[in-house]
Amino acid sequence: MAENVIRTRSLGAAVEGVRDQYADGKAAKVWEVFIGDKNSRTQNYKNFLFGILKRKGCKRILDVACGTGIDSIMLVEEGFEVVSVDASDKMLKYALQARWARRKDPAFDKWVIEEANWLTLYDDIEDLVGDGFDAVICLGNSFAHLLDNFGDQREQKQALRNFEKCVKPGGFLLIDHRNYDNIIDSGETAAKSIYYNPTHTTSIRTSVLYVSGKPALVSLDYLIDLSSDKENSDMLLSEESVNEFRLSYYPHRLKVFTNMLEDAFGENSTYSIFGDFKRLDQVETPNFYIHLVEKYSTYF
Ligand SMILES: C[S@@+](CC[C@H](N)C(=O)[O-])C[C@H]1O[C@@H](n2cnc3c(N)ncnc32)[C@H](O)[C@@H]1O
């Protein structure tokens, strides 16, 4: 709906029902440069993620938005058994290349990478799900890529139900979104990432589209200064040293998103919310909300 008004830069369709914003290959390459070196995840993020996974004794992890593979690689290196999926073949290309380059390492040889779409996720990978994963992760503001094509968030609810089916009882889902409440109120998006240590100066220009008085789509134009980056200078669109790419997101309100999670996982599951990896009372205006949903198990 809203998507017809503000167009994304890349109009490819990965699979029916999902617009692949990375389909032109350019956005995927810029993203790979934007997130920086694969080893440069922020320490706060690593401590948070590994802390939860180890505390809960997780072994099998499903990364449902692996993109170029940055989180999955970190998890494989840490000894987890990882299945990684994404709808964009242009993004997956980088993950597949990384697996190929390190295939002689048994941990990387075992790393499973598949193309899958959240709307059909369970059917796409049913044979890999088995009794369910210890943890399903959907991080890096990925879920907000799924827009609201029908005006009632039905596809987002469907995707969350599919995530729930992939989590084993007693396992958990970790899913995040930017603080869209603040983005809508302020009209601005913080360029500082809680996940990456970007090597390039980046700023983010924010546009909010309202449909019938309700925020329906946020477009973020990432402006990346590549002037000092000889290796990636081929990505420059012109003689300018600033590269620009746009991604469009559904602006999830914290309360509404929490309710959608509760509908998908049921009232007996346990819900916690973190702001920039901290308890909510420890951070005033977080850039990201991270939801931890522990799926109910009758064994407890
Ligand atoms: C911002 S990237 C983040 C990737 C990675 N987690 C990171 O932090 O770098 C979001 C990813 O979500 C994927 N995605 C968006 N909609 C999807 C869908 N419906 N099904 C599967 N993947 C999807 C995109 O293809 C993209 O690779």
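Position 60 of the sequence shown, counted from 1, bears residue number 60 in full-length UniProt numbering, the numbering being contiguous throughout. Think of the CB as a built atom: it goes at the ideal place given N, C-alpha and C, for glycine as much as any other residue. All figures in this text were calculated on a predicted structure; none of them were measured in a lab.
- For cysteine 138, the enclosing beta strand (DSSP E) stretches over residues 133-138.
- By a beta-carbon distance limit of 8 angstroms, arginine 178 contacts asparagine 287. Their separation comes to about 6 angstroms.
- Per DSSP, the continuous alpha helix (DSSP H) segment holding arginine 55 begins and ends at 43-55.
- Around the beta carbon of serine 269, 16 or more other beta carbons sit within 10 angstroms, so the residue counts as buried.
- As the crow flies, the alpha-carbon of lysine 278 is around 9 angstroms from that of phenylalanine 48.
- When secondary structure is reduced to three states using DSSP, leucine 146 falls in the coil class, being assigned neither helix nor strand.
- Counting other Cβ atoms within 10 Å of its Cβ, asparagine 141 reaches 16 or more and is therefore classed as buried.
- In this structure, histidine 145 and glutamine 21 form a Cβ contact; the two beta carbons are roughly 6 angstroms apart against a cut-off of 8 angstroms.
- The three-state reading of DSSP puts alanine 191 in coil, since its state is none of H, G, I, E or B.
- Here the alpha carbons of phenylalanine 143 and aspartate 263 stand approximately 16 angstroms from one another.
- Within the DSSP bridge table, the entry for phenylalanine 274 names Arg279, Ile290 as partners.
- The beta-bridge partner set that DSSP reports for asparagine 243 consists of Ile224.
- Excluding its 5 nearest sequence neighbours in each direction, valine 136 has C-beta neighbours in its own chain below 7 angstroms: Leu62, Val64, Phe163, Cys166, Val167, Leu173, listed in chain order.
- Taking the Cα of proline 215 as reference, the smallest distance to any Cα among Tyr195, Tyr249, Ala190 is reached at Tyr249.
- For aspartate 109, the shortest C-beta to heavy atom distance toward ligand 1 is 7 angstroms or greater.
- Excluding the 5 residues flanking it on each side, aspartate 109 has same chain C-beta neighbours closer than 7 angstroms at Arg103, in chain order.
- With a threshold of 16 other beta carbon atoms within 10 Å, threonine 68 meets it and is buried.
- Taking the CA atoms as reference points, arginine 41 sits about 32 angstroms from aspartate 123.
- Boundaries of the alpha helix (DSSP H) harbouring serine 186: 180-186, taken from the DSSP string.
- Lysine 192 and aspartate 221 have their C-alpha atoms some 14 angstroms from each other.
- A distance criterion of 7 angstroms places the beta-carbon of asparagine 44 beyond contact range of ligand 1, judged by its closest non-hydrogen atom.
- Counting other Cβ atoms within 10 Å of its Cβ, lysine 29 reaches 16 or more and is therefore classed as buried.
- DSSP places threonine 202 in the uninterrupted beta strand (DSSP E) bounded by 202-211.
- Note on geometry: alpha-carbon atoms of glutamate 115 and isoleucine 125 lie some 9 angstroms from one another.
- Straight-line measurement puts the Cα of phenylalanine 245 at about 27 angstroms from the Cα of serine 212.
- Excluding residues up to 5 positions away in sequence, Val208, Pro215, Pro251 lie with their Cβ nearer than 7 angstroms to the Cβ of isoleucine 184 in the same chain.
- Here aspartate 152 is exposed: its Cβ has fewer than 16 other Cβ atoms, across all protein chains shown, within 10 Å.
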